[in-house]
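In what follows, a structure is listed as structure tokens, so that the remarks can point back to it.
Number of protein chains: 2
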Amino acid sequence: MSKVFVNIGLSLDGYMAPEGMTMKNPGYKNWGAKWGALMTWLLNTQYFRENLKFGPGGETGPVNDLVRTTTERIGANIMGKRMFDQGEVAWPERALVLARESAGSRDIRIAGGADVIQQYLNLGAIDELEIALAPVFFGGGRRLFENLREPGPQFRIDKVLDGSAATHLRYVRQ
Amino acid sequence: MSKVFVNIGLSLDGYMAPEGMTMKNPGYKNWGAKWGALMTWLLNTQYFRENLKFGPGGETGPVNDLVRTTTERIGANIMGKRMFDQGEVAWPERALVLARESAGSRDIRIAGGADVIQQYLNLGAIDELEIALAPVFFGGGRRLFENLREPGPQFRIDKVLDGSAATHLRYVRQ
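Top line first, the protein sequences correspond to chains V and P. Mapping of the first sequence onto the working numbering: position 17 corresponds to residue 209, and the numbering continues sequentially without gaps. Mapping of the second sequence onto the working numbering: position 56 corresponds to residue 248, and the numbering continues sequentially without gaps.
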């Protein structure tokens, strides 16, 4: 059966997105630079640059391989309204059921935002939690880990990949 | 000159201590078990067990070596009132100046709690930030990273040690 996984960038102080991150207000509190620092590990990879037609070049190596593997395993994405409103495709209700039908033998990524990830963590529905932890401080914004029910979700460390712009932490549900 | 460093355990959801962690109320919200899960990486090491007279045994290897190196580099500890009230020795005002005098050629550890670490981060006084990130969720408690001023502190990834009970992240000030 398809695995349900999360793969996101996280600031060292626990934020998925800096305060006031909206396309309508690109200059607010320097959010663009903060988000760029968070995502440097991804933006610099050859695979990502090719996919988004950013032109040739980009880093190869283990982080690039990780980005390719992660992208290619996705059979369906689930995301919330806020992320949709920022320009992505949304899923309606019964998202996980529909995503399982759609994903086939591939996997289902809970793409975000934070509130959607929190809901799926509280449901115990997330099999794998992949975090690219970047050495950057946002000071405010959307926290990833809030509103978790007790007892909290149970994960064990599965793998760690040490990149220069982020530490890639992979946890698997126990 | 002495380096100023932080070396702490952190839950995956960003807490240094679970909610209601006081010696007066050991059964509150299962905080003892949570704290034990946070500190498994430390409590299991041979060096720590020897130091606290827990008896023979314990893990050797890279995490044990890390605990020894970290402990032996400390020339002075700075900690806050809450941590002192829990049974440790406190430092008065002008703590960093006095600690530098006292530490000699060794280093100064900002031991905590969270509010003290936040104050020193905001002062730009922390040279090295060492975090043992444990795969445990507290759901509430004392957050490590709050109340940080803008622009936030600037660190780069220095080293990552992949343990089974925690990921040992080492950041150095830029």
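Heads up, the beta-carbon is just placed ideally off N, CA and C, and yes, glycines get one too. Note that this is a predicted model, so its numbers are computed, not measured.
Residues that residue i bridges to, as DSSP identifies them
i	result
residue 203(V)	326(V)
residue 269(P)	301(P)
residue 237(P)	251(P)
residue 197(P)	301(P) and 320(P)
residue 229(V)	The partner list for residue 229(V) (beta bridge, DSSP) is empty, contrary to what the question assumes.
Span of the beta strand (DSSP E), counted from its first residue to its last, around residue i
i	result
residue 347(P)	347-354
residue 363(P)	359-365
Proximity to residue i [Cα-Cα], best of the options
i	options	result
residue 296(V)	348(V), 266(V) and 365(V)	266(V)
residue 341(P)	330(V), 338(V) and 300(V)	330(V)
residue 271(P)	235(P), 253(P), 256(P) and 306(P)	306(P)
residue 223(V)	332(V), 353(V) and 361(V)	332(V)
residue 355(P)	218(P), 237(P) and 255(P)	255(P)
residue 337(P)	313(P), 326(P), 273(P) and 359(P)	313(P)
residue 210(P)	231(P), 194(P), 197(P) and 259(P)	231(P)
residue 213(V)	339(V), 236(V), 228(V) and 365(V)	228(V)
residue 366(V)	252(V), 357(V) and 318(V)	318(V)
residue 237(P)	205(P), 217(P) and 261(P)	261(P)
residue 304(V)	246(V), 321(V) and 226(V)	321(V)
residue 292(P)	269(P), 349(P), 323(P) and 219(P)	269(P)
residue 346(P)	197(V), 200(V) and 205(V)	205(V)
residue 202(V)	226(V), 288(V) and 249(V)	226(V)
Cross-chain neighbours of residue i in chain P, by beta carbon under 7 Å
i	result
residue 352(V)	352, 354 and 359
residue 302(V)	What residue 302(V) touches in chain P: nothing, since even the nearest Cβ is about 16 Å away.
Residue i - containing alpha helix (DSSP H), residue span
i	result
residue 333(V)	No alpha helix (DSSP H) contains residue 333(V), which is instead part of the beta strand (DSSP E) from 333-335.
residue 167(V)	Nothing about residue 167(V) can be reported from this structure: the residues present for chain V run from 193 to 366 only.
residue 314(P)	306-315
residue 338(V)	That residue, residue 338(V), is in no alpha helix (DSSP H); it is neither H nor E in DSSP.
residue 292(V)	287-295
Listed by chain order, chain P residues near residue i by CB distance under 9 Å
i	result
residue 206(V)	205, 206, 335, 336 and 337
residue 363(V)	204 and 327
residue 340(V)	205, 329, 330, 331 and 332
Neighbouring residues, chain P, relative to residue i (Cβ below 8 Å)
i	result
residue 344(V)	205, 328, 329, 330 and 331
Contacts of residue i in chain V (Cβ-Cβ under 7 Å)
i	result
residue 347(P)	327
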